[in-house]
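Engineer: Chains as they are written, first to last, in full-length UniProt numbering: chain A, 1 to 255; chain B, 1 to 291.
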Amino acid sequence: MSLLKVENLYTNYGRITALKGINLELQEGEIISLIGANGAGKSTLLASITGTVPVAKGKIIFDKKDITHHRPNDIVKLGISLSMEGRGVFPRLTVEENLLLGAYTRKNKSEITTTISEMYEMFPRLAQRRKQLAGTMSGGEQQMLAIARALMSKPRLLLLDEPSLGLAPNLVKIIFDMIKDINRKGISILLIEQNANMAMRISNRSYVLENGQVKLHGHSKELMNNKEVRKAYLGEIIDPAVSKKVIQSLASSNL
Amino acid sequence: MILQQIFNGLSLGMAYALIAVGYSLVFGILRLVNFSHGAVYAFGAHAVIFFIGYHFGLIPAILLGVLLTGALGVLIDRVALYPLRKKKSPGISSLITTIGISYIIQNLLMMGFGSEKKPFPKLFDNRIVHILGARISTMQIIMFVTSVILLAILTFLIKGTKIGLAMRAVEQNEKNAGLMGINTNFIIAFTFFLGGISAAIASVLISGYYEILYPTMGFMVGLKAFAAAVLGGIGVLHGAIVGGLVIGVSEGLAATWFGSQYRDSVAFIILIIVLIVRPAGLFGRKGIEKV
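(1) At a CB distance below 9 Å, what residues from the stretch 86-101 of chain A approach chain B? Give them in sequence order.
(2) Does DSSP put Lys88(B) in a helix, in a strand, or in coil?
(3) With distance defined between alpha-carbon atoms, name the residue in Met137(A), Gly14(A), Gly29(A) nearest to Ser203(A).
(4) I'd like to know if the stretch 91-100 of chain B and the stretch 223-231 of chain B are in contact, where contact means that at least 3 CB-CB pairs between them fall below 8 Å.
(5) Return helix, strand or coil for Glu28(A), following the three-state DSSP convention.
(6) Counting contacts by CB-CB distance shorter than 8 Å, is Gln140(B) in contact with chain A?
(7) Using a cut-off of 8 Å between C-beta atoms, extract the partners of Met84(A) located in chain B.
(8) By the three-class DSSP mapping on this structure, what secondary structure does Lys290(B) have?
(9) For His55(B), which three-state DSSP category applies?
(10) Could you tell me the alpha carbon to alpha carbon distance between Leu271(B) and Ser188(A), rounded to whole angstroms?
(11) Beta-carbon of Tyr104(A) versus every beta-carbon of chain B: anything under 8 Å?
(12) For Met217(B) and Ile29(B), which I take to be in contact (beta-carbon distance under 8 Å), what is that distance rounded to the nearest angstrom?
(13) Could you check how far apart the C-beta atoms of Asn183(A) and Leu145(A) are, in whole angstroms? I think they sit under 8 Å.
(14) Can you give me the C-alpha to C-alpha distance between Val291(B) and Arg85(B), rounded to a whole angstrom?
(15) Based on the DSSP secondary-structure assignment, which residues constitute the bridge partners of residue 338(B)?
(16) Between which two residues does the beta strand (DSSP E) holding Phe62(A) run?
(17) Output yes if chain A places a C-beta closer than 8 Å to the C-beta of Leu165(B); else output no.
(18) Would you say Arg168(B) reaches chain A, if we count a Cβ-Cβ gap shorter than 8 Å as a contact?
(19) Run through DSSP, which three-state label would Leu145(A) get?
(20) Name the chain B residues that come within less than 7 Å of Pro72(A), Cβ to Cβ?
(21) Are the C-beta atoms of Ile158(B) and some chain A residue less than 8 Å apart?
(22) Could you name the residues of the stretch 150-164 of chain A whose beta carbon sits closer than 7 Å to any beta carbon of chain B, in the order they occur along the chain?
(23) Going straight from the alpha carbon of Gly88(A) to that of Tyr209(B), what length do you get?
(24) With a 10 Å radius around its C-beta and 16 neighbouring C-beta atoms as the bar for buried, classify Leu203(B) as buried or exposed.
(25) By the three-class DSSP mapping on this structure, what secondary structure does Pro91(A) have?
(26) Can you give me, in chain order, the residues of the stretch 50-77 of chain A that have a beta carbon less than 7 Å from any beta carbon in chain B?
(27) Rounded to whole angstroms, how far is the Cβ of Leu159(A) from the Cβ of Ser81(A), which I believe are closer than 8 Å?
(28) Please list, in chain order, the chain A residues whose beta carbon lies closer than 7 Å to that of Ile182(B).
(29) For Gln172(B), go through chain E and note every residue whose CB falls closer than 8 Å to its CB, in chain order.
(30) Identify every run of the alpha helix (DSSP H) within the stretch 120-202 of chain B, keeping only runs that are complete inside it and at least 4 residues long; order them along the chain.
(31) For Ala150(A), which residues in the same chain have their Cβ closer than 7 Å to its Cβ, ignoring the five residues on either side in sequence?
(32) For Val26(B), count the other beta carbons within 10 Å of its own beta carbon; 16 or more makes it buried, fewer makes it exposed. Which is it?
(33) Note down, one range per segment and in chain order, each alpha helix (DSSP H) of at least 4 residues found wholly within the stretch 149-181 of chain A.
(34) To the nearest angstrom, how far is the alpha carbon of Gln142(A) from that of Ile105(B)?
(35) Residues in the same chain with beta-carbon distance under 6 Å from Leu223(A), minus the five sequence neighbours each way, listed in chain order, please.
(36) Using 8 Å as the cut-off, can you tell me whether the stretch 59-79 of chain A makes contact with the stretch 150-160 of chain B, which would need three or more C-beta pairs spanning the two stretches below that distance?
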């Protein structure tokens with residue numbers, strides 16, 4: 001069943017048309033990755049879905065409901081949650097207060113407490129720092145907090161904006177393992193990533209955005225073998241002669 | 001004599017703190033100096049004598065007047081400031097709007113009540129208590145105690161409740177707060193409501209103390225409370241309280257040392273000195289301006 005459907009979406013960002021007719025579909029239980037260069041429209045698409053940027057034209061359907069012009073707080077209530085890029089946590093609130101805010105739309109206090117302890121189990125680092133101000137933690141810890149906070153609303157669809165941005169490689173792997181775990185618990189995921197390689201490896205399907213349009217989409221495994229995608233997004237140098245030259249110049253530079 | 005003026009200053013300063021909190025809360029959330037706050041303060045006492053005039057009895061009249069002033073705060077936000085926010089207009093537009101609103105309220109009060117000074121009814125049978133040789137009226141004690149209780153309630157509301165947590169979240173990042181499911185416009189309106197009711201209560205206390213009220217009474221008191229908020233570090237709740245006390249006490253001492261006609265300027269001299277030493281105020285954070 002299709003959980004999220006974006007139909008012919010146009011969104012303006014100031015005077016610029018940032019999205020020009022995006023079509024996208026996400027099935028319940030899927031991980032979908034959105035890849036594309038800076039300014040391709042990935043973040044604008046998330047902002048349109050969460051209701052923080054007004055949509056100019058087109059439709060966003062979530063669970064058969066038209067949510068195109070809903071306000072952000074109503075969209076959270078319906079079951080869509082966004083984990084913000086990098087430092088989207090509230091810096092002058094404690095870890096625990098940040099988590100409580102993630103559950104703002106929920107009413108039952110004892111259930112919220114249960115979810116908080118689940119989060120501490122999943123992210124033991126956060127349990128150690130529950131009384132610490134979020135802004136004083138490392139980038140990786142803040143990223144974990146952002147994800148945990150997004151899960152506090154018990155979403156059906158989790159939107160992840162650049163979860164690996166600015167993190168050390170070993171942390172990136174930990175975060176991606178967590179994303180897979182979260183998905184196994186039945187939460188559908190829409191993932192934006194600069195690290196296209198990792199994103200495509202864990203997602204079922206991928207959409208490649210360019211200049212506000214979907215350039216390519218399909219099963220991640222197939223797209224990873226697509227020549228264009230490999231060249232543009234997976235950092236592969238296609239021409240063996242060029243790569244040889246690069247290696248030689250590096251070797252002779254005595255680095 | 002000095003002790004006397006310190007007691008006078010403490011009770012008046014606590015009432016200033018109540019008004020200063022209104023500036024501080026709104027500034028914290030919107031990064032806006034709400035210059036209509038002084039007029040809202042004046043509106044408070046007038047609303048109360050309006051209800052007293054219609055024989056509501058003292059306590060119901062105070063309650064109604066205070067709530068009505070809270071509603072006025074919300075109305076100002078909804079009618080004049082919310083449309084500006086929605087259009088993402090620059091901060092200076094909101095600032096000039098609040099100055100405009102302050103005069104509109106003042107003129108409406110003049111039309112409704114006349115511009116002359118009117119007596120404010122005695123709230124209590126005023127008795128004098130002697131403490132360490134200083135004479136303190138029951139009104140001063142009531143003013144001090146009521147303000148302390150209200151400020152304690154406000155502090156608890158902001159630090160210890162769900163809506164307070166939401167207020168702090170909106171203060172730190174309005175957009176992200178919305179993404180948590182917080183209705184940010186409701187939180188902003190609620191903040192104006194809190195500012196309105198605390199100003200109205202301060203208004204009743206101060207009018208009851210001087211036993212007088214008039215439409216422009218909010219001008220000087222509003223400026224002093226604003227000075228108190230800045231002195232303590234605007235946007236910081238306990239800063240507003242300490243700021244109010246400093247302004248109140250220095251005003252009292254200035255009255256004894258230099259004569260009461262100079263009391264107003266002393267509050268501002270202190271403000272300027274504090275700001276030169278600590279530009280963000282006593283408890284202010286650096287870099288509070290939103291990017």
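Here a beta-carbon is modelled for each residue, glycine too, at the ideal position from N, C-alpha and C.
Structural biologist: Let's see:
(1) Under the 9 Å Cβ criterion, the stretch 86-101 of chain A contributes Gly88, Val89, Phe90, Pro91, Arg92, Leu93, Glu97, Asn98, Leu100, Leu101.
(2) Of the three classes helix, strand and coil, the one that applies to Lys88(B) here is coil, per DSSP.
(3) The closest CA to that of Ser203(A), considering only Met137(A), Gly14(A), Gly29(A), is found on Gly29(A).
(4) A contact between stretches requires three or more CB pairs, one per stretch, nearer than 8 Å, and the stretch 91-100 of chain B fails this requirement with the stretch 223-231 of chain B.
(5) DSSP places Glu28(A) in coil when its eight states are reduced to three.
(6) It does not; no Cβ of chain A falls within 8 Å.
(7) In chain order: Asn176, Leu179.
(8) For Lys290(B), the pLDDT reaches just 39, beneath the cut-off of 50, and the residue's location in the model is therefore unreliable, although a value from the coordinates is still provided. Secondary structure at Lys290(B): coil, using DSSP grouped into helix, strand and coil.
(9) It is coil, neither helix nor strand.
(10) Their Cα atoms are separated by approximately 56 Å.
(11) Chain B, which has a Cβ nearer than 8 Å to the Cβ of Tyr104(A), makes this yes.
(12) The beta-carbon separation of Met217(B) and Ile29(B), rounded to 26 Å, does not stay under the 8 Å limit for a contact.
(13) The pair is not a contact, with the Cβ atoms about 19 Å apart (cut-off 8 Å).
(14) Residue placement at Val291(B) is flagged as unreliable, the pLDDT there being 32, under the threshold of 50; a coordinate-derived value is accordingly withheld.
(15) Outside the shown range of chain B, which is 1 to 291, sits residue 338(B), and nothing can be said about it.
(16) Counting along the chain, the beta strand (DSSP E) containing Phe62(A) begins and ends at 55-62.
(17) Interface annotation, Leu165(B): in contact with chain A, CB-CB separation under 8 Å.
(18) Yes, its Cβ sits closer than 8 Å to a Cβ of chain A.
(19) Three-state result, Leu145(A): helix.
(20) Identification of chain B residues near Pro72(A) by a Cβ-Cβ cut-off of 7 Å yields Gly178, Leu179, ordered along the chain.
(21) Judged by the 8 Å Cβ criterion, Ile158(B) is not in contact with chain A.
(22) Within the stretch 150-164 of chain A, the qualifying residues are Ser153.
(23) Roughly 48 Å separates the two Cα atoms.
(24) One detail in the question is off: residue 203(B) reads as Ser in this sequence, not Leu. Buried is the call here.
(25) Reduced to three states, the DSSP call for Pro91(A) is coil.
(26) Here the close residues are Thr50, Thr52, Pro72, Asn73, Val76, Lys77.
(27) The Cβ separation is near 7 Å, so the contact holds.
(28) Residues of chain A passing the Cβ test: Asn73, Tyr104.
(29) In the structure shown, chain E cannot be found, because the protein chains are A and B.
(30) DSSP runs (the alpha helix (DSSP H)) wholly in the stretch 120-202 of chain B: 138-160, 162-172, 174-179.
(31) Cβ within range, chain order: Ser81, Leu82, Ser83, Gly102, Leu158.
(32) When all chains shown are included, Val26(B) counts as buried.
(33) Counting only runs of 4 or more, we get nothing.
(34) Distance between the alpha carbons of Gln142(A) and Ile105(B) is about 46 Å.
(35) Taking Leu223(A) as the centre and dropping the five residues before and after it, the same chain places the C-beta of Ser206, Val229 closer than 6 Å to its C-beta, in chain order.
(36) Proximity of the stretch 59-79 of chain A to the stretch 150-160 of chain B falls short of the contact definition, fewer than three beta-carbon pairs being nearer than 8 Å.
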